[in-house]
Amino acid sequence: MKLDIVFFGYLLSLLITIPITFYPLLALPQEIQNSEQSVAEFDVPYELFAALSDYHDLTQLEEKRHIDAEIIPAITEIIYYFEEERQKYLSIQTISEKMKKNLEKMDAHLTDFKNELLFRKKVLEFRILLKKQQQLKSN
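Written out as structure tokens, the structure is:
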């Protein structure tokens, strides 16, 4: 009998504790929606997001090993999808000031990634030539 009362008390305490514990988590989305600050939304195509994610993962690996051969295709994909998005903006008849700013930012990103692609290709060529040179020296 005492065991039933203890078990019932334990269940009752769980029923009271769980809602109190998780209430702040449940109320959080409502507070965000009601506040003046809003969550930023970006309409990024999945392919561009995936390419940027691959690029980020590879740059994190860069500290451990040389990843130039693997990062070149990732950068090429990013450039391709950025240019595709840029063409979507350019196909719109009337371009607003906000769109012009977005195009300028996109152009800046495209320039950065094109420069990095060129740099990575040169680094890869240099490493290949360096290996060949070392092989020639050892023979």
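Residue numbers for the sequence shown follow the numbering used here, beginning at 17 and rising by one. Beta carbons are placed, not taken as given, at the ideal position from N, Cα and C, and that holds for glycine.
Exercise. In or out: ARG136 buried (at least 16 other Cβ within 10 Å) or exposed?
Worked result: Stepping through the sequence shown from its first residue, residue 136 is reached at position 120. So ARG136 ends up on the buried side.
Exercise. Does the separation of the CB atoms of ASN118 and TYR105 fall below 8 Å?
Worked result: The residue labelled residue 118 in the question sits at position 102 within the sequence shown. The residue labelled residue 105 in the question sits at position 89 within the sequence shown. Against a cut-off of 8 Å, the Cβ pair of TYR105 and ASN118 comes out as a contact.
Exercise. Within this structure, are the beta carbons of LEU126 and ILE88 separated by less than 8 Å?
Worked result: Walking along the sequence shown from the start, residue 126 turns up at place 110. Walking along the sequence shown from the start, residue 88 turns up at place 72. Their beta carbons are not under 8 Å apart, which means LEU126 does not touch ILE88 by this criterion.
Problem set entry | Backbone secondary structure at SER11 - three-state DSSP | This structure leaves residue 11 out entirely; the chain is present only between 17 and 155.
Exercise. So, using beta-carbon positions, are LEU74 and ALA90 closer together than 8 Å?
Worked result: What you label residue 74 is simply residue 58 of the sequence shown in a count that begins at 1. What you label residue 90 is simply residue 74 of the sequence shown in a count that begins at 1. Yes.
Problem set entry | Reduced DSSP category for ARG81 - H, G, I as helix; E, B as strand; rest coil | Here residue 81 corresponds to residue number 65 of the sequence shown, with the count starting at 1. Note: ARG81 maps to coil in three-state DSSP.
For this session: Within its chain, find whatever has a CB closer than 6 Å to the CB of THR37; leave out the 5 residues flanking it on each side and keep chain order.
Result: Along the sequence shown, one-based indexing puts residue 37 at 21. Confidence at THR37 is low in this model, with a pLDDT of 44, below 50, so its placement is unreliable and the value that follows should be read with caution. Closer than 6 Å at Cβ, skipping near neighbours: no residue.
For this session: Throw me the rounded Cβ distance for the LEU133 and ILE95 pair, which I believe falls under 8 Å.
Result: The count along the sequence shown starts at 1 and reaches residue 133 at position 117. The count along the sequence shown starts at 1 and reaches residue 95 at position 79. Going by Cβ atoms, the distance from LEU133 to ILE95 rounds to 7 Å, so yes, they are a contact pair.
Exercise. Among the residues of its own chain, which have a CB less than 6 Å from the CB of ASP70, if the five just before and after it don't count?
Worked result: Position 54 of the sequence shown holds residue 70. The residues are ALA90.
Problem set entry | Collapsed DSSP secondary structure at THR110 in the structure displayed | As a working note, residue 110 is residue 94 in the sequence shown. It is coil, neither helix nor strand.
Problem set entry | Simplified DSSP assignment, three categories, for PRO89 | Looking up residue 89 in the sequence shown gives position 73. Helix, per DSSP.
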